[in-house]
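Colleague: In my numbering, the protein residues as written are 378 to 695. Glycine included, every Cβ here is placed at the ideal spot set by N, Cα and C.
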Ligand code: AMP
Ligand code: MG
């Protein structure tokens, strides 16, 4: 693997976007801010660039990537957008919602992006910086979270530097990511919507917007290959639904369960999502025997938070 002196450039610095676009056009990887978490971006139409994403992350080759586009028209060049998919995009894009849709014949996206499937996951990010980079490049970018595979997703440029420093030439620093957890993913086949990964856009939000039910993916089946059980793993063990701190533990609270850190003293689930990975990283750095985490209500964004917490607490597979 090539080594680099990783440069960190603020997205407010003049020329930052052009610098990112130059690297991408050269076939290199660039970590970029989005509203969810930082993404490890490559030109999605360049095979060698996309292959590097898998190498740098140590990502299994059967785990497909999300293709980020500038708008609905760009998505339509690569995937078949049904009337229902179009309505979902109109309502939620740009934003933290990814749609898995059938690939159009003769498509130009590099094969490893879809990991051999006949579908592609597409999203138009709300982040101005991410969108400007795609517009200037003029092509979609493949971008999974910018962390070594299996580790916590990065919510700051510093998180990216700690995980991937020396392995990529450039990180665009856009500050802390506002949402803090990865995008919601839905599949749309035969005008039926299936939730593949919960996120800040909830199934209820989608149903309300397009007046269509959202089905749960069959929990017995790994529909989205990335949904392997142990993921988002800190080094310390994790105990869920904790209401008090036991010996050797560090408690992350929520609402009235105070803790050393509190995801949201006012029980605001959006705030808790924003703080989730940051606080787990913080707790992990203090190296406790166990990170205990207060119960999170399983409603709204709480469903996505609990999904990430279950994975963080699951038995490790490596
Ligand atoms: P990440 O970008 O690391 O958050 O991971 C992207 C996730 O999107 C993957 O782990 C998959 O679960 C999901 N995904 C991407 N493309 C597809 C696809 N074509 N079909 C189903 N799931 C997908
Ligand atoms: Mg990821």
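Give the range of the beta strand (DSSP E) segment to which residue 563 is assigned.
Modeller: It spans 561-566 - the beta strand (DSSP E) in which residue 563 sits, taken as one unbroken run.
Colleague: Using only alpha-carbon positions, find the residue among 614, 613, 612, 629 that is nearest to residue 620.
Modeller: Per the Cα distances, 629.
Colleague: Quick check: does the Cβ of residue 424 come within less than 7 Å of any heavy atom belonging to the ligand AMP?
Modeller: No, the beta carbon of residue 424 sits no closer than 7 Å to any heavy atom of the ligand AMP.
Colleague: For residue 468 and chain D, any beta-carbon pair shorter than 8 Å?
Modeller: Protein chains in the displayed structure number just one, and chain D is not present.
Colleague: Can you give me the C-alpha to C-alpha distance between residue 452 and residue 446, rounded to a whole angstrom?
Modeller: If you take the alpha carbons of residue 452 and residue 446, they lie about 6 Å apart.
Colleague: What's the call for residue 588, buried or exposed, on a 16-neighbour Cβ count within 10 Å?
Modeller: With fewer than 16 Cβ atoms within 10 Å of its Cβ, residue 588 is classed as exposed.
Colleague: Which residues bound the beta strand (DSSP E) around residue 687?
Modeller: Unbroken run through residue 687 is the alpha helix (DSSP H), 679-690; no beta strand (DSSP E).
Colleague: How far does the beta strand (DSSP E) with residue 422 in it reach, from first residue to last?
Modeller: Premise fails: residue 422 is in no beta strand (DSSP E) and is neither H nor E.
Colleague: So, helix, strand or coil for residue 475, using DSSP?
Modeller: In this structure, residue 475 counts as strand in the three-state DSSP scheme.
Colleague: Let's test the definition: count the other Cβ atoms within 10 Å of the Cβ of residue 642 and tell me whether it reaches 16, buried, or not, exposed.
Modeller: Burial call: exposed.
Colleague: Apply the 10 Å Cβ neighbour rule to residue 435 and answer buried if 16 or more other Cβ atoms are within range, or exposed otherwise.
Modeller: So residue 435 counts as exposed.
Colleague: Comparing the CB of residue 491 with every heavy atom of the ligand MG, is any distance shorter than 7 Å?
Modeller: False, no ligand heavy atom lies under 7 Å from that Cβ.
Colleague: With distances taken from CA atoms, which of 396, 571, 683 is nearest residue 646?
Modeller: Among 396, 571, 683, the Cα nearest to that of residue 646 belongs to 683.
Colleague: Report the three-state DSSP secondary structure of residue 640 (helix, strand or coil).
Modeller: Here residue 640 sits in coil by DSSP.
Colleague: So which of 554, 559, 593, 522 has the shortest CA-CA distance to residue 573?
Modeller: It is 593 whose Cα lies nearest to the Cα of residue 573.
Colleague: Quick check on this structure: which residue in 455, 462, 463, 472 has the alpha carbon closest to the alpha carbon of residue 482?
Modeller: It is 455 whose Cα lies nearest to the Cα of residue 482.
Colleague: Does any heavy atom of the ligand AMP sit closer than 7 Å to the C-beta of residue 477?
Modeller: Yes - the ligand AMP has a heavy atom lying nearer than 7 Å to the Cβ of residue 477.
Colleague: Closer than 7 Å to a non-hydrogen atom of the ligand MG - does that hold for the CB of residue 412?
Modeller: Checking the Cβ of residue 412 against the ligand MG gives no.
Colleague: Run through DSSP, which three-state label would residue 558 get?
Modeller: Coil, per DSSP.
Colleague: Please confirm whether residue 580 and residue 468 have their CB atoms less than 8 Å apart.
Modeller: Going by C-beta atoms, residue 580 is not nearer than 8 Å to residue 468.
Colleague: Below 8 Å on the Cβ atoms is my guess for residue 669 versus residue 622; work out the distance and round it to an integer in Å.
Modeller: Sure, about 6 Å apart at Cβ, within 8 Å.
Colleague: Give the secondary structure of residue 598 by DSSP, where H, G and I count as helix, E and B as strand, and everything else as coil.
Modeller: Confidence is the limiting factor: at residue 598 the pLDDT is only 39, short of 50, which leaves the residue's position unreliable, though a coordinate-based value still follows. Of the three classes helix, strand and coil, the one that applies to residue 598 here is coil, per DSSP.
Colleague: Quick one: what's got a C-beta closer than 6 Å to residue 603's C-beta in the same chain, skipping five residues either side?
Modeller: No answer about residue 603 holds up, because its pLDDT of 46 lies below 50 and its placement is not dependable.
Colleague: Given a threshold of 16 other Cβ atoms within 10 Å of its Cβ, counted over all protein chains shown, does residue 438 qualify as buried or as exposed?
Modeller: So residue 438 counts as exposed.
Colleague: Only counting the same chain, and skipping five residues up and downstream in sequence, which positions put a Cβ closer than 8 Å to that of residue 590?
Modeller: So the qualifying residues of the chain are 570, 584.
Colleague: Report the rounded CA-to-CA distance for residue 345 versus residue 414, giving the unit in angstroms.
Modeller: With the chain represented from 378 up to 695, any question about residue 345 goes unanswered, as that position is not in the structure.
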